[in-house]
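Q: In the working numbering, the protein residues as written are 322 to 943.
We treat Cβ as the ideally placed atom computed from N, Cα and C, and that holds for glycine.
Structure provided below as structure tokens; questions to follow.
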Ligand SMILES: Nc1nc2c(ncn2[C@@H]2O[C@H](COP(=O)(O)OP(=O)(O)OP(=O)(O)O)[C@@H](O)[C@H]2O)c(=O)[nH]1
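Written out as structure tokens, the structure is:
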């Protein structure tokens, strides 16, 4: 027993042998949250009256979109049913609900590190999808015991025999070992809980060692500050103890420690194998870093628990308030969101065209959409987002290197090489779509890595693709070319040298930074022509002729012209009555408000929104 500086009674420990830590992993929409709900209900943690759909998905936006963004851990009491080994013995199951979308793979990997086993959930009407595989591989990397389960067996379209065979083949078991459940009706869920007790190993750790707890999630709560979710691997953490974050050395007092069942329930402490929350009074999730190890300040552990990935922004976009005077509100809103989202990074930027705003880094496009929607919905902001772009590294001939997150900062001068990020993409689809998928990947500069048949009529196709080609509307295109049947997963695999150029747009001879884009050389021409054509439609005729040009460096690759009109609206009503004149003048003034002056040209807001919301290579969004 290590010496402690406080006189706190020994916390009531749960014998690690009676603990089971598991998570549910699945492809998006295969029913994780519904299964989690059913488990809450069946174990009696939430009673019928309190039950609402997707109990664990607390954010409004999560509930509306039906997706899980932040993972949550909850403690479930369960005694195996009659006839089972250990029947009647109360066990504690810690269930960690994980998000399923590609952008949040990072969160899945953290949650997995806190578990000894996982339920691999597959929709019995859909079969294995891309994220089923991606999650399974993550679980295998973490040495988790895998319990394969088919969900939605109540659906008339369910094909349990077919998919049980597919799943068994994948995880290496017999089809009879694949459990069949309906998260909706609850059928098979008690059997699943029994199986978790039977098959998931109890956590192992050293009871009498200095404490080591791994942070697997940090959430900002407006009332309580940062709530940190941990799994205690060794030793015991006690309330009011002084603790230390091992990566930064920062010391804090443990103001509260406890478990979620599912509401926060304070305890004296947490020990070996237990999963719970702690509150230290830190105000920002970045001070309680996911993946970090917590130990006691005095006589603490010397070696941190290993292995975590830092979230790295992959996609950048400029966010500007539609009304420039909302800039301070936008800053405040971003500050607030960042308290709860360690992956969100931003810095102020100014655009000649759009004014003051921020360059914001995201994990991927869904992350971008979620953040943007939260800014608009929760903070009432109206925003213009510039076209998303990836991070390029530009090597100059004189040896200088630049990291470019904003196309308008693409260097001029003698460029030696441009590096762009690439991903390894896995597409799963019925085999009839192989041709369409390959064609799409080919036009997106993909390189085929390999193809395998998962069953007679389903294939897994692997490609290396430039991330820039994936982040725009690749997924939409894939879905539409496969009638919604294909699923996609991707992971960054490094970078490649590519022939990339910056295309600028000039209005009346002035470069408009917000319209600049980085394109592959072969696609630059098409991009320029399309954008110039679109702008010509959107920019109203002005008092003078406005040439619109697309250029690479000083070379113009496309040009259109908006012809001049006489701006004097009063010309129409010479000699007319005065009230009509006044009305016309007022109308003209109102019209001006919605225009942005770019150099000497008036550009309507719609032009920025319409142009920037479409992708870079010609094929329009759905
Ligand atoms: N018929 C039927 N529908 C189900 C069952 N389980 C889940 N669903 C439905 O499937 C849809 C997706 O379920 P969710 O629980 O939100 O899926 P999820 O995997 O948590 O989704 P993400 O959190 O977005 O990854 C919802 O409309 C559920 O009502 C089931 O057993 N039977």
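Can you check which of these residues, 589, 547, 638, is closest to residue 602 by C-alpha distance?
A: 547
Q: Output the residue ranges of the beta strand (DSSP E) runs that lie fully inside the segment 573–615 and measure 3 residues or longer, sorted by chain position.
A: 577–581, 585–587, 590–592, 596–600
Q: With a threshold of 6 Å, establish whether the CB of residue 504 neighbours any heavy atom of ligand 1.
A: At least one heavy atom of ligand 1 is nearer than 6 Å to the Cβ of residue 504, so yes.
Q: Just checking my contact of residue 472 with residue 442 at CB under 8 Å: how many whole Å lie between their CB atoms?
A: 5 Å
Q: For residue 507, verify whether its CB is less than 6 Å away from any heavy atom of ligand 1.
A: No, the beta carbon of residue 507 sits no closer than 6 Å to any heavy atom of ligand 1.
Q: Could you tell me the alpha carbon to alpha carbon distance between residue 552 and residue 489, rounded to whole angstroms?
A: 31 Å
Q: What separation, rounded to the nearest whole angstrom, lies between the Cα atoms of residue 610 and residue 783?
A: 33 Å
Q: Could you compute how far the alpha carbon of residue 277 sits from the alpha carbon of residue 448?
A: Because the chain in this structure spans residues 322 to 943, residue 277 falls outside the shown range and cannot be described.
Q: Determine whether the beta carbon atoms of residue 314 and residue 335 lie at a separation below 7 Å.
A: With the chain covering only 322 through 943, there is no way to say anything about residue 314.
Q: Going by other Cβ atoms of all chains shown within 10 Å of its Cβ, with 16 needed for buried, is residue 865 buried or exposed?
A: exposed
Q: Is there contact here, the segment 728–743 with the segment 755–762, by at least three beta-carbon pairs under 8 Å?
A: no
Q: Any idea what DSSP makes of residue 851, helix, strand or coil?
A: helix
Q: Got a sec? Which residues, its chain only, sit under 6 Å from residue 556 by beta carbon, not counting five neighbours each side?
A: 530, 531, 532
Q: In the DSSP assignment, find the unbroken beta strand (DSSP E) run with residue 872 in it and report its ends.
A: 867–873
Q: Note down, in chain order, each residue of its chain lying with its Cβ closer than 6 Å to the Cβ of residue 703, except the 5 sequence neighbours on either side.
A: Taken in chain order, the residues that qualify are 643.
Q: Tell me whether residue 476, by its Cβ, gets closer than 6 Å to a heavy atom of ligand 1.
A: yes
Q: Does the beta-carbon of residue 473, which I'm using as the reference point, lie nearer than 6 Å to any heavy atom of ligand 2?
A: This structure simply doesn't include ligand 2; it includes ligand 1 instead.
Q: Taking 6 Å as the cut-off, does the CB of residue 874 come closer than this to any heavy atom belonging to ligand 1?
A: no
Q: In three-state terms, what does DSSP make of residue 925?
A: strand
Q: Just confirm the distance between the C-beta atoms of residue 707 and residue 638, as a whole number of angstroms; I'd bet it's less than 8 Å.
A: Indeed, because the Cβ distance is near 6 Å, the residues count as touching under 8 Å.
Q: For residue 357, which of 635, 588, 476, 506 has the nearest alpha-carbon?
A: The shortest Cα separation from residue 357 among 635, 588, 476, 506 belongs to 506.
Q: So, residue 399 versus residue 453, is the Cβ gap smaller than 7 Å?
A: Against a cut-off of 7 Å, the Cβ pair of residue 453 and residue 399 comes out as no contact.
Q: Hey, would you say the C-beta of residue 800 is under 6 Å away from at least one heavy atom of ligand 1?
A: no
Q: Could you tell me the alpha carbon to alpha carbon distance between residue 680 and residue 405, rounded to whole angstroms?
A: 57 Å
Q: Decide if residue 641 is buried, meaning its Cβ has at least 16 other Cβ atoms within 10 Å, or exposed.
A: buried
Q: Tell me which residue opens and which closes the beta strand (DSSP E) that residue 555 is part of.
A: 546–555 is the extent of the beta strand (DSSP E) around residue 555.
Q: Would you call residue 390 buried or exposed, if buried means 16 or more other Cβ atoms sit within 10 Å of its Cβ?
A: Here residue 390 scores only 37 on pLDDT, less than 50, and its place in the model is too uncertain to base an answer on.
Q: Grouping DSSP H, G and I as helix and E and B as strand, with all else coil, what is residue 688?
A: helix
Q: Relative to the alpha-carbon of residue 474, which residue among 762, 508, 467 has its alpha-carbon at the smallest distance?
A: 508
Q: Could you round the C-beta distance between residue 431 and residue 538 to whole angstroms and report it? I think they count as a contact, below 8 Å.
A: About 7 Å separates the two Cβ atoms, so the contact holds.
Q: Please report the straight-line C-alpha distance between residue 859 and residue 885, rounded to a whole angstrom.
A: 14 Å
Q: Does any heavy atom of ligand 1 sit closer than 6 Å to the C-beta of residue 412?
A: no
Q: Are the CB atoms of residue 851 and residue 883 nearer to each other than 7 Å?
A: no
Q: With distances taken from CA atoms, which of 750, 527, 715 is nearest residue 806?
A: 750
Q: Looking only at DSSP bridge pairs, what is residue 723 linked to?
A: 715
Q: Can you tell me where the beta strand (DSSP E) with residue 817 in it begins and where it stops?
A: That run of the beta strand (DSSP E) goes 808–818.
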